[in-house]
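Oh and the sequence shown: position 127 is 600 in the working numbering, straight run, nothing missing.
Cβ atoms here follow ideal geometry from the backbone N, Cα and C, with glycine treated the same way.
Bear in mind that the values here come from a model prediction, so they are computed numbers and not experimental data.
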Amino acid sequence: MQNKIKLLTAGDSSILIQFGNTIDPAINRKIAATVQLMREQHINGVTDVIPAFCSLLINYDPRVISYERIKQRMEGLLKIDVAAGDTRKRVFEIPVCYGGEYGPDIQNIADHAGLSVEEVIQIHTSRDYLIYMLGFLPGFTYLGGLDERIHTPRLANPRIRIPAGSVGIGGSQTGIYPMDSPGGWQLMGQTPVKTYDPERKPPILVEAGDYIRFVPIDKAEYQRIKELVDKNEYQCVVREGE
Numbered sequence: 474m475q476n477k478i479k480l481l482t483a484g485d486s487s488i489l490i491q492f493g494n495t496i497d498p499a500i501n502r503k504i505a506a507t508v509q510l511m512r513e514q515h516i517n518g519v520t521d522v523i524p525a526f527c528s529l530l531i532n533y534d535p536r537v538i539s540y541e542r543i544k545q546r547m548e549g550l551l552k553i554d555v556a557a558g559d560t561r562k563r564v565f566e567i568p569v570c571y572g573g574e575y576g577p578d579i580q581n582i583a584d585h586a587g588l589s590v591e592e593v594i595q596i597h598t599s600r601d602y603l604i605y606m607l608g609f610l611p612g613f614t615y616l617g618g619l620d621e622r623i624h625t626p627r628l629a630n631p632r633i634r635i636p637a638g639s640v641g642i643g644g645s646q647t648g649i650y651p652m653d654s655p656g657g658w659q660l661m662g663q664t665p666v667k668t669y670d671p672e673r674k675p676p677i678l679v680e681a682g683d684y685i686r687f688v689p690i691d692k693a694e695y696q697r698i699k700e701l702v703d704k705n706e707y708q709c710v711v712r713e714g715e
């Protein structure tokens, strides 16, 4: 992978590192390892680090560090042999109430797949999903690894408002809407957990490179967790993945 990495200018205060041109878990793990190295280095002048599917954007203050210097530092870090699996795998267990008022499109998803609603839920909750990147909205998770059996096209007519916490499928991806917003994904459920809370530090619950495991719950459990969330008394289960 080393010979595929490219460093490019991105304006007068950013540098873009391209690790490849495909969406691949190994590339994403290399990006996560690079982010971890940068945090350990505490490079003076770097203001933000933004990972994406197969690239890493680094914003810096040119009054503090020059482009030549930041490029030199990054070239040095990229030579460090960090194995793709060396980064710690955090898996956030996100409770989801599927169907009904919380997931109005779950029957559409089941019909498109030729499966029952119960089978769709079982498939959706059967694996850990890698967070490739955050975007679109603060804390919106782009997750990889959705089973092909439940890939579902987006809605022909997007909704004007999707409630915060809605879990949906858009084509080959699944994810969580962190706040009320328009959107065209097929909604299959809702979580009471706030993946984005501007009053919380940090405001975004997860990071690119983390994993999410959806856990099915019923309406009673949804309400119980929601009450705890509203009182800032709920903590997601976070486990170390294999």
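Taking V711 as the centre and dropping the five residues before and after it, the same chain places the C-beta of R563 and F565 closer than 6 Å to its C-beta, in chain order. Judged by beta-carbon spacing, V679 lies beyond the 8 Å limit of G662, meaning their Cβ atoms are not closer than that value. With 16 or more other Cβ atoms from the protein chains shown falling within 10 Å of its own Cβ, G612 counts as buried. Taking a cut-off of 8 Å for Cβ pairs, the segment 537-547 and the segment 617-626 do not touch, as fewer than three such pairs fall below it.
Residue ranges of uninterrupted beta strand (DSSP E) with 3 or more members, entirely inside the segment 515-583 and ordered along the chain, are 519-524, 528-533 and 563-571.
Under the three-state reduction of DSSP, Q646 is assigned to strand. The segment 480-497 and the segment 574-592 do not touch, with fewer than three beta-carbon pairs separated by less than 8 Å. The count of Cβ pairs closer than 8 Å, one atom from the segment 495-505 and one from the segment 515-523, stays below three, leaving the stretches out of contact. Cα atoms of A681 and L610: separation of roughly 14 Å, rounded to the nearest angstrom.
Ranking P631, H624 and L701 by CA distance to the CA of I594 puts H624 first. Between F687 and I500, the C-beta gap is not smaller than 8 Å, which leaves the two residues out of contact. The shortest C-alpha to C-alpha distance from E706 to any of V666, E574 and T647 is the one to V666. In terms of CA proximity to G643, L660 leads the group I531, L660 and S654.
With 16 or more other Cβ atoms inside 10 Å of its own Cβ, K699 counts as buried.
Per DSSP, Y684 is one residue of the beta strand (DSSP E) stretching across Y684 to I690. Excluding the 5 residues flanking it on each side, W658 has same chain C-beta neighbours closer than 7 Å at R627, G641, I642 and G643, in chain order. Note on geometry: alpha-carbon atoms of I633 and L529 lie some 32 Å from one another. Cβ neighbours of D534 within its own chain (closer than 6 Å, five residues either side excluded): G518 and T520.
If the five residues before and after Q646 are omitted, its C-beta is found closer than 8 Å to the C-beta atoms of Y615, L616, G617 and L619, all from its own chain and listed in chain order.
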